[in-house]
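Residue numbers (my numbering), protein chains in the order written: chain A, 7 to 16; chain B, 601 to 814.
Right under this line is the structure:
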C-alpha cells in the first residue's frame with residue numbers, strides 16, 4: 007500500500 | 601495527474617466558487633447546510649495537516665490551501681456574517697452531524713493502513729468526507745424549491761466524486777502497484793449517496809422546472 011500512503015490525491 | 605483527476609479537482613473548485621458566489625452575490629445562504637460545510641472544514645483540516653511535513657507538488661499544495669480557505673470562508677459567512685447568518689435555515693438543518701464525526705473517528709481507529717497519529721486523522725478525513733454531504737441532502741428534501749445555485753453546487757460536488765472514480769480506474773490500469781482500498785470503498789459509497797439527488801436534478805432539468813427533492 008506504499009503508493010496509497012503517499013497521499014498524492016486531494 | 602490525468603485528465604479525470606484534473607477535471608475532478610476543477611469541478612470541486614468550481615462547486616466552491618458557485619457556493620461562495622451564491623452567498624456573496626445574493627447575501628443569502630438559504631438552503632445551504634452549515635453542518636455539511638463545517639464537516640468539510642474538519643475534513644480539510646485533518647487531511648491537509650500534511651501541508652506541514654510532506655510536499656507532493658505545487659499544484660497539490662496550492663489546491664489544499666484554496667480548499668481550506670474556501671471552507672472556512674463559507675463557514676464564516678454562514679455563522680458570523682452580519683447579513684448572511686440571518687438567512688441560514690437553522691430549523692431545516694437538524695441532522696446530528698456529531699454522530700458522523702464520532703462514527704468516522706471510531707472507524708478510522710479500527711480500519712486504517714498504519715496506526716499513527718497523522719495516518720489515523722487522514723483516514724478519518726476520508727471516512728468523514730464520504731458522509732459529510734448527508735446533512736445537505738436531508739436539508740434539500742426539507743427546503744422545497746431549491747434555487748439554481750444551490751442545486752448546481754450539489755450537482756458539481758457529485759460530479760467531482762464521479763470523476764475521481766474514473767481517475768482511480770485510469771490510475772489502476774496504468775500505474776504499477778497503485779492500490780488504495782480505503783479511499784476506493786469510501787469514494788464509491790460517497791458517490792452512491794448522490795444517486796437520488798442526481799435522478800431528481802436531471803429529471804427537473806429535463807422537464808425545465810425548479811428542482812424539488814420529494
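Glycine included, C-beta positions come from ideal geometry on N, C-alpha and C.
| request: State the Cα-Cα distance for the pair residue 746 of chain B and residue 792 of chain B, rounded to the nearest angstrom. | output: 21 Å
| In chain A, what lies closer than 9 Å to residue 650 of chain B by C-beta? | 13
| By a C-beta neighbour count over all protein chains shown, 10 Å radius and 16 as the cutoff for buried, is residue 657 of chain B buried or exposed? | exposed
| query | Does the count of Cβ pairs from the stretch 617-628 of chain B and the stretch 684-703 of chain B closer than 8 Å reach three? | reply | yes
| Neighbourhood of residue 637 of chain B by C-beta distance below 8 Å, restricted to the same chain and skipping five residues each side | So the qualifying residues of the chain are 671, 674, 675 and 678.
| Would you say the stretch 632-651 of chain B touches the stretch 692-705 of chain B, given that touching needs at least three Cβ pairs under 8 Å? | yes
| query | For residue 639 of chain B, which of helix, strand or coil comes out of DSSP? | reply | helix
| field | Cβ of residue 602 of chain B within 8 Å of any chain A Cβ | value | no
| message | Would residue 663 of chain B pass as an interface residue toward chain A - the criterion being a Cβ-Cβ separation below 8 Å? | response | yes
| query | Does residue 675 of chain B come within less than 8 Å of chain A when only Cβ atoms are used? | reply | no
| query | Once you ignore the five residues that flank residue 735 of chain B on each side, which residues in its own chain have a CB closer than 6 Å to its CB? | reply | 633, 635, 636, 695 and 697
| Measuring CA to CA, which of B:661, B:764, B:659 and B:666 is closest to residue 641 of chain B? | B:666
| request: If I'm right that residue 623 of chain B touches residue 740 of chain B with Cβ under 8 Å, what's the distance once you round it to whole angstroms? | output: The pair is not a contact, with the Cβ atoms about 16 Å apart (cut-off 8 Å).
| Between which two residues does the alpha helix (DSSP H) carrying residue 805 of chain B extend? | Taken as a continuous stretch (DSSP letters only), the alpha helix (DSSP H) holding residue 805 of chain B covers 795-806.
| field | Length of the line joining the Cα atoms of residue 15 of chain A and residue 711 of chain B | value | 20 Å
| task | Determine the closest residue to residue 785 of chain B out of B:798, B:761, B:802 and B:775, with distance taken between C-alpha atoms. | result | Here the closest residue by C-alpha is B:761.
| Proximity test, Cβ basis, 8 Å: residue 785 of chain B and chain A | no
| query | Under 8 Å Cβ-Cβ, which residues of chain A neighbour residue 609 of chain B? | reply | Contact note: residue 609 of chain B reaches chain A through 16, using a C-beta cutoff of 8 Å and chain order.
| query | In whole angstroms, what is the alpha-carbon distance linking residue 604 of chain B and residue 689 of chain B? | reply | 35 Å
| query | What three-state label does DSSP hand residue 711 of chain B in the structure shown? | reply | coil
| Would residue 731 of chain B count as contacting chain A if we go by Cβ distances under 8 Å? | no
| request: Would you list the residues sitting across from residue 746 of chain B in a DSSP beta bridge? | output: B:811
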